[in-house]
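Residue numbers (our numbering), protein chains in the order written: chain A, 240 to 637; chain B, -1 to 292. We put the CB at the ideal spot given by N, CA and C, even for glycine. See below for the structure under consideration.
Quick look at the structure:
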């Protein structure tokens, strides 16, 4: 009996200790971030985590989040979703049940976001995501908001730019990771390339754990496409593929529709990455960047040794959207926050913005920010096209 | 491009690293009768040391790239020897010829070493500049000079290991222990000492494979996972504990990857490999060149 009592006491002590370990001060709102912090997609996650921490720091330094007469501090907790659905689900459960998170301000990757969504929509937890796939949006998912541009915003402008600059191009070959993110991207890319009048000659997939890309490069090279679109391929893998394509003697037009990390791409692909068009990379040092973006980028280059990209910036904007939503709702009730968000105009790293695109997705869940097409020129990311969404112009003019 | 030549070249360049990786794994099993599931972490450590040191050496010493690589390769091998020695003394020495104990130990070691590698090197992918630039064409197939260099080094390391096993006293002792431990001990061979040497040679082979792949790929702490799975396929096909089996299995797996990767896709190549493994496990569980355990 003594032993049983001893065991129960030990369990209670341990439970108490565990409880203490996660106990939150009542004046702090804990925001969750689910990103890949290891593996080939780590460069997306590390920068996103850093940008989210910077947003929290900025909010705390400028008075916190005000709900009625109460002021809250913000804390960001990031978990490694390893860019897989399984790990995303596991770590999201940790965030929600252990850390008491009610708002996930950024989840990177369509497959991880879809896995988390099953939990967040059921539990009424608000999720901001940079998931590229269209399948995470729509009236069925009222608690999910996308904070970066996605295929329906980006692909038509980037493909039109490529078509206009290379009128001789007639064929394209698609290469994507073999998961929900990659398959969604391939479907959208095919639709928009065909709409642009370019024939899709093949659509290939690779497992995310792939390290040897020569067989794929040999296959691509043999088909001699005018354009190769690496869609949602992470920058480290994309650089390796471009290098191998160069070895095969292929010298066509390189496009990465969901291309983000130009620094990693250039470091990995070297000269083979030059000329690549990207839909999600931005020149946050350039003249069109805002002061917030320029400052964040300068700091990131010192700390992370890498420029920020659009996904990273989503980490900052997710936290800012959460703040705006909580303050507009005057409550921590996530359902109320989700209701007021599309009606709220708030400060993002791009300047004033709001959620919209009901006409496209059936509900206003898409952050309206500039669409930027960039190209790698002599190892640098250069902006070639910038489009401000019409809906945002109209909303801001009101 | 000549397709046959290109597939052969792809097979050789992919297979060369698989050979080194699988040789280490099979040697450790042959001598110690344990399966080292943490083999990929030794591979990752060496790749990360090379990928981290190369830029520092290039910026500080001003030596030619190949000299920087040789220094980094030596440092990586040193790091693997230190880690190998520590893991053997602290853990594996107690689990010689204990498949269950060593399985639990090596799986735990994967989690521990992954955490350490992420802490020390961060999870950021680390690409490095090519050691030797340029591409050449052989019989219509294209290959970078750097890949050719790595292929040559892999062949050299495999040949050295083969000579060591065939011609030296240590090699004979290692083979004797792998063949029949009791009989070897009756001949005066000190089993624990030979096991330690076998373990060190095995992890150094993984380290050499990692160091050689670093300039060709993007190194990050999880890089060893894919190679470990391939190595298991290789040694099941070739025969657990068989050196020629590991070489043949590695080249076969690389050929399947190159052929099916070209005509179908890499996912199909992986499916074919697993089907082959299932067939071997059902029909010839000792593999092509392994021995039946009695």
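Legend entry - The beta strand (DSSP E) enclosing residue 625/A, as first and last residue numbers: Start at 1 with the first residue of the first chain, and residue 625/A comes out as number 386. Note, residue 625/A: beta strand (DSSP E), 619 to 626.
Inset, instruction - Using a threshold of 7 Å, state whether the C-beta atoms of residue 387/A and residue 553/A are closer than that. - result: As a first step, residue 387/A is located in the first chain; it is residue number 148 there, counting from the start. As a first step, residue 553/A is located in the first chain; it is residue number 314 there, counting from the start. Closer than 7 Å, so yes.
Legend entry - Contacts that residue 318/B makes with chain A (C-beta to C-beta distance below 9 Å): Here chain B covers residues -1 to 292 and nothing more, so residue 318/B does not appear.
Inset, instruction - Could you name the residues of chain A that residue 256/B contacts, counting a contact when the two beta carbons are closer than 8 Å? - result: The residue labelled residue 256/B in the question sits at position 258 within the second chain. Under the 8 Å cutoff, chain A gives 453, 454 and 457.
Legend entry - residue 525/A beta carbon less than 7 Å from that of residue 622/A: Mapped onto the first chain, residue 622/A falls at position 383. Mapped onto the first chain, residue 525/A falls at position 286. Their beta carbons are under 7 Å apart, which means residue 622/A touches residue 525/A by this criterion.
Inset, instruction - Return yes when the Cβ of residue 577/A is within less than 7 Å of the Cβ of residue 366/A, no when it is not. - result: In the first chain, residue 366/A corresponds to position 127, counting from 1. In the first chain, residue 577/A corresponds to position 338, counting from 1. Their beta carbons are not under 7 Å apart, which means residue 366/A does not touch residue 577/A by this criterion.
Legend entry - Completely contained beta strand (DSSP E) runs for the stretch 144 to 223 of chain B, where each covers 3 or more residues: none
Legend entry - chain A within 7 Å of residue 260/B, Cβ atoms only: What you label residue 260/B is simply residue 262 of the second chain in a count that begins at 1. Judged by the 7 Å Cβ criterion, residue 260/B is in contact with chain A.
Inset, instruction - With DSSP as the reference, label residue 93/B as helix, strand or coil. - result: In the second chain, the residue the question calls residue 93/B occupies position 95. If DSSP states are grouped into helix, strand and coil, residue 93/B belongs with the helices.
Inset, instruction - Determine whether the Cβ of residue 626/A lies closer than 7 Å to any Cβ atom of chain B. - result: Locating residue 626/A in the first chain gives position 387, counting from the first residue. Not one chain B Cβ lies under 7 Å of residue 626/A.
Legend entry - Contacting residues, own chain, Cβ-Cβ under 7 Å from residue 393/A (five flanking each side not counted): On the first chain, residue 393/A is found 154 positions in, with the first residue counted as 1. Closer than 7 Å at Cβ, skipping near neighbours: 496, 518, 519 and 610.
Legend entry - residue 191/B versus residue 104/B - alpha carbon distance: The count along the second chain starts at 1 and reaches residue 191/B at position 193. The count along the second chain starts at 1 and reaches residue 104/B at position 106. One C-alpha to the other measures close to 20 Å.
Inset, instruction - Under 7 Å between beta-carbons, which chain A residues line up against residue 221/B? List them in chain order, please. - result: Here residue 221/B corresponds to residue number 223 of the second chain, with the count starting at 1. By Cβ distance, chain A contributes 450.
Legend entry - Distance, residue 337/A Cα to residue 261/A Cα: The count along the first chain starts at 1 and reaches residue 261/A at position 22. The count along the first chain starts at 1 and reaches residue 337/A at position 98. Confidence is the limiting factor: at residue 261/A the pLDDT is only 45, short of 50, which leaves the residue's position unreliable and the question unanswerable from this model.
Legend entry - Contact the stretch 310 to 321 of chain A vs the stretch 269 to 281 of chain A: 3+ CB pairs below 8 Å: yes
Inset, instruction - Classify residue 74/B as buried or exposed, calling it buried when 16 or more other Cβ atoms lie within 10 Å of its own Cβ. - result: If you number the second chain from 1, residue 74/B lands on position 76. Its Cβ being crowded by 16 or more others within 10 Å, residue 74/B is buried.
Legend entry - Pairwise C-alpha distance: residue 456/A and residue 507/A: For the purposes of this step, residue 507/A is identified with residue 268 of the first chain, where counting begins at 1. For the purposes of this step, residue 456/A is identified with residue 217 of the first chain, where counting begins at 1. Their Cα atoms are separated by approximately 15 Å.
Inset, instruction - State yes or no: is the beta carbon of residue 447/A nearer than 7 Å to at least one beta carbon in chain B? - result: Position 208 of the first chain holds residue 447/A. With 7 Å as the cut-off, residue 447/A does not count as an interface residue toward chain B.
Legend entry - Of the residues 67/B, 242/B, 14/B and 43/B, the one placed nearest residue 164/B, counting alpha carbons only: Position 166 of the second chain, counted from the start, is the residue given in the question as residue 164/B. Looking at the Cα atoms, 242/B is the closest of the given residues.
Legend entry - residue 468/A in three-state terms, based on DSSP: In the first chain, counting from the first residue as 1, residue 468/A sits at position 229. It is a strand residue.
Legend entry - the stretch 107 to 124 of chain B contacting the stretch 133 to 152 of chain B, beta-carbon criterion three pairs below 8 Å: no
Legend entry - Contacting positions in the stretch 217 to 249 of chain B - beta carbon closer than 7 Å to chain A: 218, 219, 220, 221, 223 and 224
Inset, instruction - Look at the alpha carbon of residue 14/B and the alpha carbon of residue 232/B, and state the distance between them as a whole number of angstroms. - result: Locating residue 14/B in the second chain gives position 16, counting from the first residue. Locating residue 232/B in the second chain gives position 234, counting from the first residue. The alpha-carbon atoms of residue 14/B and residue 232/B are separated by roughly 13 Å.
Inset, instruction - Could you tell me if residue 414/A is buried or exposed, where buried requires 16 or more neighbouring beta carbons within 10 angstroms of its beta carbon? - result: Taking the first chain and counting its residues from 1, one reaches residue 414/A at position 175. Buried, since its Cβ has 16 or more Cβ neighbours within 10 Å.
Legend entry - Beta-carbon contacts of residue 509/A that lie in its chain and below 8 Å, excluding the five residues immediately before and after: The count along the first chain starts at 1 and reaches residue 509/A at position 270. For residue 509/A, where only same-chain residues beyond five positions count, the Cβ hits under 8 Å are 478 and 482.
Inset, instruction - Could you confirm whether any beta carbon from chain B is found closer than 7 Å to the beta carbon of residue 260/A? - result: Locating residue 260/A in the first chain gives position 21, where the first residue counts as 1. Per-residue confidence for residue 260/A stands at a pLDDT of 42, beneath the threshold of 50, marking its modelled position as unreliable; the derived number appears in the next sentence. Closer than 7 Å: no.
Inset, instruction - State the Cα-Cα distance for the pair residue 174/B and residue 247/B, rounded to the nearest angstrom. - result: Numbered from 1 along the second chain, position 176 holds the residue referred to as residue 174/B. Numbered from 1 along the second chain, position 249 holds the residue referred to as residue 247/B. Near 23 Å, if we compare the C-alpha coordinates of residue 247/B and residue 174/B.
Legend entry - Environment of residue 493/A [buried if 16+ CB atoms lie within 10 Å]: Within the first chain, residue 493/A is the residue found at index 254, counting from 1. By the 10 Å Cβ count, residue 493/A comes out buried.
Inset, instruction - For residue 12/B, decide whether its Cβ has a neighbour in chain A, counting only Cβ atoms nearer than 7 Å. - result: Within the second chain, residue 12/B is the residue found at index 14, counting from 1. Chain A, which has a Cβ nearer than 7 Å to the Cβ of residue 12/B, makes this yes.
Legend entry - Cβ pair count under 8 Å reaching 3, the stretch 15 to 30 of chain B against the stretch 196 to 215 of chain B: yes
Legend entry - chain B residues whose Cβ lies nearer than 7 Å to that of residue 444/A: The residue labelled residue 444/A in the question sits at position 205 within the first chain. Going along chain B in sequence order, the residues near residue 444/A (Cβ under 7 Å) are 263 and 265.
Legend entry - Secondary structure of residue 336/A, DSSP reduced to three states: Residue numbering aside, residue 336/A sits at position 97 when the first chain is read from its first letter. Helix.
Legend entry - Terminal residues of the beta strand (DSSP E) in which residue 637/A lies: By 1-based counting over the first chain, the position of residue 637/A is 398. No beta strand (DSSP E) contains residue 637/A, which DSSP labels as neither H nor E.
Inset, instruction - Under 7 Å Cβ to Cβ from residue 322/A, same chain only, skipping five residues before and after it: list those, please. - result: On the first chain, position 83 is the one that residue 322/A refers to. If we look at residue 322/A and ignore the five residues flanking it on each side, its Cβ neighbours are 275, 278, 280, 348, 351 and 447.
Inset, instruction - Would you list the one or two residues that DSSP bridges to residue 657/A? - result: Any question about residue 657/A goes unanswered here, given that chain A covers just 240 to 637.
Inset, instruction - Take the Cβ of residue 484/A as the centre, count every other Cβ of all protein chains shown within 10 Å, and call the residue buried at 16 or more, exposed below. - result: Numbered from its first residue, the first chain carries residue 484/A at position 245. Classification of residue 484/A: buried, given that the 10 Å Cβ count is 16 or more.
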